[in-house]
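With our numbering as the guide, the letters of the sequence shown map in order to residues 1078 to 1123. Even glycine gets a Cβ: it sits at the ideal position worked out from N, Cα and C. Beneath this line is the structure, given in C-alpha cells, with notes to follow.
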Amino acid sequence: MAKFPEAEARLLNKQICMKCGARNAPKAVRCRKCNSKDLRPKSRGA
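So, in C-alpha cells, the structure goes:
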C-alpha cells in the first residue's frame, strides 16, 4: 500500500511513448512530442 495513494495515482496515471519516452495524458491517442501512436501505460515499478 502506498503512503500517499493520491500522489501515486497522479504519477502513475500516464501514457509513455515507446518511441521518444515522453509522458502523455492518460487518454492520449498520440504522443505530444513525436506524434507517434505507440503508447503504453506507465509501469508501476517495484
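Assign residue i to one of two classes, buried (16 or more other C-beta atoms within 10 Å of its C-beta) or exposed (fewer than that).
| i | result |
| --- | --- |
| Leu1088 | exposed |
| Cys1094 | buried |
| Cys1108 | buried |
Pull the bridge partners of residue i from the DSSP assignment, please.
| i | result |
| --- | --- |
| Leu1116 | Cys1094 |
| Arg1107 | Answer is none; Arg1107 lacks a bridge partner. |
| Arg1100 | Ile1093 |
With H, G and I counted as helix, E and B as strand and the rest as coil, what does DSSP make of residue i?
| i | result |
| --- | --- |
| Arg1087 | helix |
From residue i to residue j, what does the alpha carbon distance come to, in whole angstroms?
| i | j | result |
| --- | --- | --- |
| Ala1102 | Pro1118 | 10 Å |
| Val1106 | Gly1098 | 15 Å |
| Lys1110 | Pro1082 | 29 Å |
| Leu1116 | Asn1090 | 13 Å |
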